[in-house]
């Protein structure tokens, strides 16, 4: 991150596409054009927001409300299913410090922190010494449930290779076993019945357990129902001992995006302002679903790269309409943009606030100046908002 | 019953974005002239337009919504929320229809002569929704975050229903409310979190039928791709008595569950053998 600042890969001035070629222009010109696109659009989409600071996210909500647009963040294709499950059955969560100091049983379900969250094991969940876990790794029993024998699975005390996409049945079987039900089947999701009984005993007999779960639950078949079942499992384990769970969030401030959207609109993601008030319905107002049906006629992408993550037909539809990106580098999304607005990195080149995966807000500080004419995401969105208000006559 | 008054709507042009047509109900049309009906609001994305901008309107209204039938023609696959909160009367849709048809309906009848998109009959409180085609996901289900979904009424789907149909359905014995779904076949997680809903499937069902069911009856006359491990086989029966009094004959394997919710349960799953 530090070495890429400044680098030849950075956009240092706003660009607009003229006859297929990018041309560097002034901020005023670029923002004026961007505001024009957004104001003229009947159903604009504002998407991304997960790799930027909370102050910018707040401005994004304001812009969405004034435009009557769709507002969505990357949780839509990430941990959105976790939010759906939490709305259905609640969530026993805690901060990471609690897990570090107390947990003696750690389950990693459908996640691979060795690669995806490399500092997690050392700081919170495995090797670190906690207040009640003075011997670090030796004081913790690690269970990994994953179809793949990942590097995290290789350092676990118990590795359970579940069949792909059959997590729901496994959680379901563990829950029934906890209720002392003798299962009819001999093998469930590739795990033997007696192993499930042993696992249930192990889960019950710890002092303080935690399940960290990742995309393996939220983005395999059954999506939010996997998380729903995992939450119910944790709830039932609390009849026997203390047990909690924690989603392993991806983008550094996706938790913040959900927080900011929620305190402004009441909903975490997939929000539609077209009637002037926020409505929420993933599946109806989520970016991928809208783009698949080509129900968007302009998009502003903030700090995200949907072209790399969305299904190809959705990306094709995204590129059919005017596209504005706030993006520091060339990405598959910005390569096809009509307007590129170059931001500074929050936490390096500008200040801000970000929420950790356990929803603890942290201050981001500035350590050096941004290259060229880069502005913070917050300033860009604020100036864009002023332009939009001007054009709408507000 | 005397012959119902009839209002005919015909979609004049395809909207660019989905229309939010919750104003199309017998309650809203009752006692209004055709000119008044044309002025009723309809959202096209963020533009507030009126029914007359998209539909031609003909026929005659009636003062009593219960004596009013609305017939709608044209391709309505981009028209959402027809019959929302409807209370009495009848709607006949001669086409595929967009999301949320008949959601929150209290009484009356909606017939869809085509396919319906997601959330058909969501949070239904009464009345009858008949879909003579396939339906999307979340048929008769609860909206996000609601713990009580369909509370009463009947949904009949000729074809397939999508995932998580009848999510959080809730019956009530004291007030004699038995939410019921009849369908041709079903996707995964049929009747999840069921709290007393009745589901009868003529054909096959995908995985996880009756997941987290605490009470209720699910009858499957075809095959299930995978019965949940937390269901326990109780035996075989030759007849199933539904809570609404209906009797279904045939040879069924009887399962109790979902035992991941509790050790003792009144939830039942019948699968044809």
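Protein chains in written order, with the numbering used here: chain A, 1 to 394; chain B, 1001 to 1273.
Glycine is no exception: its CB is placed at the ideal position from the N, C-alpha and C atoms.
* What number of angstroms, rounded off, separates the C-alpha of residue 1084 of chain B from the C-alpha of residue 1209 of chain B? -> In the second chain, residue 1084 of chain B corresponds to position 84, counting from 1. In the second chain, residue 1209 of chain B corresponds to position 209, counting from 1. Computed Cα separation, rounded: 28 Å.
* Enumerated in chain order, which unbroken segments of the beta strand (DSSP E) with a length of 3 residues or greater are wholly contained in the segment 48-116 of chain A? -> Assignment of beta strand (DSSP E) within the segment 48-116 of chain A, counting only whole runs of 3 or more residues, yields 70-73 and 105-109 in chain order.
* **Separation of residue 1224 of chain B from residue 1189 of chain B, as counted between CA atoms** => As a first step, residue 1189 of chain B is located in the second chain; it is residue number 189 there, counting from the start. As a first step, residue 1224 of chain B is located in the second chain; it is residue number 224 there, counting from the start. In this structure, the CA atom of residue 1189 of chain B is about 11 Å from the CA atom of residue 1224 of chain B.
* Any C-beta of chain B under 8 Å from that of residue 42 of chain A -> Position 42 of the first chain, counted from the start, is the residue given in the question as residue 42 of chain A. In terms of beta-carbon proximity, residue 42 of chain A lines the interface with chain B, with at least one pair separated by less than 8 Å.
* To do: Under 6 Å Cβ to Cβ from residue 1 of chain A, same chain only, skipping five residues before and after it: list those, please.
  => As a first step, residue 1 of chain A must be located in the first chain, where it is residue number 1. Residue placement at residue 1 of chain A is flagged as unreliable, the pLDDT there being 49, under the threshold of 50; the coordinate-derived value follows with that caveat. Non-local beta-carbon contacts of residue 1 of chain A in its own chain, meaning distances under 6 Å to residues more than five positions away in sequence, are absent.
* For residue 1041 of chain B, name the three-state secondary structure that DSSP assigns. => On the second chain, position 41 is the one that residue 1041 of chain B refers to. DSSP places residue 1041 of chain B in strand when its eight states are reduced to three.
* Buried or exposed: residue 1148 of chain B, going by 16 or more other Cβ atoms within 10 Å of its Cβ? -> Mapped onto the second chain, residue 1148 of chain B falls at position 148. Using a 10 angstroms sphere on the CB of residue 1148 of chain B, the tally of other CB atoms stays under 16, which defines it as exposed.
* DSSP beta-bridge partners of residue 1008 of chain B -> To locate residue 1008 of chain B, count along the second chain from 1; it is residue 8. The partner list for residue 1008 of chain B (beta bridge, DSSP) reads B/1058 and B/1071.
* To do: For chain A, find out if any of its Cβ atoms is closer than 8 Å to the Cβ of residue 1076 of chain B; answer yes or no.
  => Against the second chain, residue 1076 of chain B aligns to sequence position 76. Chain A contact via Cβ: absent.
* **Reduced DSSP secondary structure (H/G/I, E/B, other) of residue 1 of chain A** => Along the first chain, read from residue 1 onward, the residue named residue 1 of chain A stands at position 1. A caution first: residue 1 of chain A carries a pLDDT of 49, below 50, which makes its placement in the model unreliable, though a value can still be read off. Correct three-state label for residue 1 of chain A: coil.
* Asked: Excluding the five sequence neighbours on either side, which residues of its own chain have a C-beta within less than 6 Å of the C-beta of residue 1203 of chain B, listed in chain order?
  -> Walking along the second chain from the start, residue 1203 of chain B turns up at place 203. If you ignore the 5 residues before and after residue 1203 of chain B, its C-beta comes within less than 6 Å of the C-beta of 1184, 1185 and 1222, all in its own chain and listed in chain order.
* To do: Would you mind telling me which residues of chain B sit closer than 7 Å to residue 88 of chain A, beta carbon to beta carbon, in chain order?
  => Along the first chain, one-based indexing puts residue 88 of chain A at 88. 1145, listed in chain order.
* Reducing DSSP to helix, strand and coil, say where residue 375 of chain A ends up. => Here residue 375 of chain A is taken as the residue at index 375 of the first chain, counted from 1. Under the three-state reduction of DSSP, residue 375 of chain A is assigned to strand.
* Secondary structure of residue 1195 of chain B, DSSP reduced to three states -> The count along the second chain starts at 1 and reaches residue 1195 of chain B at position 195. Residue 1195 of chain B: strand per DSSP, three-state reduction.
* To do: Flag residue 1259 of chain B as yes if its beta-carbon sits less than 8 Å from any beta-carbon of chain A, otherwise no.
  => Counting from one through the second chain, the residue named residue 1259 of chain B turns up at place 259. Yes, residue 1259 of chain B counts as interfacial toward chain A.
* Asked: Under 8 Å between C-beta atoms, does residue 1270 of chain B make it to chain A?
  -> Your numbering for residue 1270 of chain B matches position 270 in the second chain. Residue 1270 of chain B does not count as touching chain A.
* Would you grab the beta carbon distance between residue 56 of chain A and residue 384 of chain A for me? Rounded to a whole angstrom, and I think it's under 8 Å. => Within the first chain, the letter at position 56 stands for residue 56 of chain A. Within the first chain, the letter at position 384 stands for residue 384 of chain A. About 11 Å separates the two Cβ atoms, so there is no contact after all.
* Any C-beta of chain A sitting closer than 8 Å to the C-beta of residue 1017 of chain B? -> For the purposes of this step, residue 1017 of chain B is taken as the residue at position 17 of the second chain. Chain A has a Cβ within less than 8 Å of the Cβ of residue 1017 of chain B.
* Beta-carbon contacts of residue 66 of chain A that lie in its chain and below 8 Å, excluding the five residues immediately before and after -> Within the first chain, numbered from 1, the residue matching residue 66 of chain A stands at position 66. 385, 388, 389, 392 and 394.
* Delimiting residues of the beta strand (DSSP E) encompassing residue 246 of chain A -> Here the question's residue 246 of chain A lines up with position 246 in the first chain. In this chain, the beta strand (DSSP E) harbouring residue 246 of chain A covers 242-247.
* Rounded C-beta distance between residue 296 of chain A and residue 211 of chain A? I'm assuming under 8 Å. -> Residue mapping note: residue 296 of chain A aligns to position 296 of the first chain, counting from 1. Residue mapping note: residue 211 of chain A aligns to position 211 of the first chain, counting from 1. Actually they are not in contact, since the Cβ atoms of residue 296 of chain A and residue 211 of chain A sit about 36 Å apart, beyond 8 Å.
* **Run of the beta strand (DSSP E) containing residue 233 of chain A, from where it starts to where it stops** => Here residue 233 of chain A refers to the residue found at position 233 when the first chain is read from its first residue. From DSSP, residue 233 of chain A is part of no beta strand (DSSP E) but of the alpha helix (DSSP H) over 223-237.
* Asked: Does the segment 140-150 of chain A touch the segment 179-187 of chain A, meaning 3 or more C-beta pairs lie closer than 8 Å?
  -> Flag = no, the segment 179-187 of chain A and the segment 140-150 of chain A do not touch.
* **Residues near residue 259 of chain A in its chain [Cβ-Cβ closer than 6 Å; skip 5 each side]** => The residue labelled residue 259 of chain A in the question sits at position 259 within the first chain. So the list reads 355, once near-sequence residues are dropped.
* residue 129 of chain A classed as buried or exposed, judged by whether at least 16 other C-beta atoms fall within 10 angstroms -> Taking the first residue of the first chain as position 1, residue 129 of chain A is located at position 129. So residue 129 of chain A ends up on the exposed side.
* Got a sec: is the Cβ-Cβ distance from residue 1021 of chain B to anything in chain A below 8 Å? -> Numbered from 1 along the second chain, position 21 holds the residue referred to as residue 1021 of chain B. The beta carbon of residue 1021 of chain B does not come within 8 Å of any beta carbon belonging to chain A, so the residue lies off that interface.
* **Rounded C-alpha distance that separates residue 1009 of chain B from residue 265 of chain A** => In the second chain, the residue the question calls residue 1009 of chain B occupies position 9. In the first chain, the residue the question calls residue 265 of chain A occupies position 265. Residue 1009 of chain B and residue 265 of chain A: Cα-Cα distance of roughly 36 Å.
* Could you tell me whether the segment 1006-1020 of chain B touches the segment 359-379 of chain A, using the rule of 3 or more Cβ pairs below 8 Å? => The segment 1006-1020 of chain B is not in contact with the segment 359-379 of chain A.
* **For residue 1212 of chain B, the nearest candidate out of A/377, A/160, A/228 and A/146 (CA to CA)** => In the second chain, residue 1212 of chain B corresponds to position 212, counting from 1. Minimum Cα-Cα distance from residue 1212 of chain B among the listed residues A/377, A/160, A/228 and A/146 corresponds to A/228.
* Using the Cα positions of residue 140 of chain A and residue 99 of chain A, report the straight-line distance between them to the nearest angstrom. => Within the first chain, numbered from 1, the residue matching residue 140 of chain A stands at position 140. Within the first chain, numbered from 1, the residue matching residue 99 of chain A stands at position 99. Straight-line measurement puts the Cα of residue 99 of chain A at about 11 Å from the Cα of residue 140 of chain A.
* Please report how far the alpha carbon of residue 126 of chain A lies from the alpha carbon of residue 136 of chain A, in whole angstroms. => Residue mapping note: residue 126 of chain A aligns to position 126 of the first chain, counting from 1. Residue mapping note: residue 136 of chain A aligns to position 136 of the first chain, counting from 1. Residue 136 of chain A has its alpha-carbon roughly 7 Å from the corresponding atom of residue 126 of chain A.
* Asked: Whole beta strand (DSSP E) runs in the segment 1111-1190 of chain B with 3 or more residues, listed along the chain?
  -> Qualifying beta strand (DSSP E) stretches, in chain order: 1128-1131, 1154-1161 and 1180-1186.
* Interface positions of the segment 176-201 of chain A facing chain B (Cβ-Cβ less than 7 Å), listed along the chain -> From the segment 176-201 of chain A, only 176, 179, 180, 181, 183, 184, 185 and 188 have a Cβ closer than 7 Å to chain B.
* To do: Please name the residue, chosen from A/39, A/246 and A/176, that lies closest to residue 97 of chain A on a Cα-to-Cα basis.
  => Along the first chain, read from residue 1 onward, the residue named residue 97 of chain A stands at position 97. The residue with the shortest Cα to Cα distance from residue 97 of chain A is A/246.
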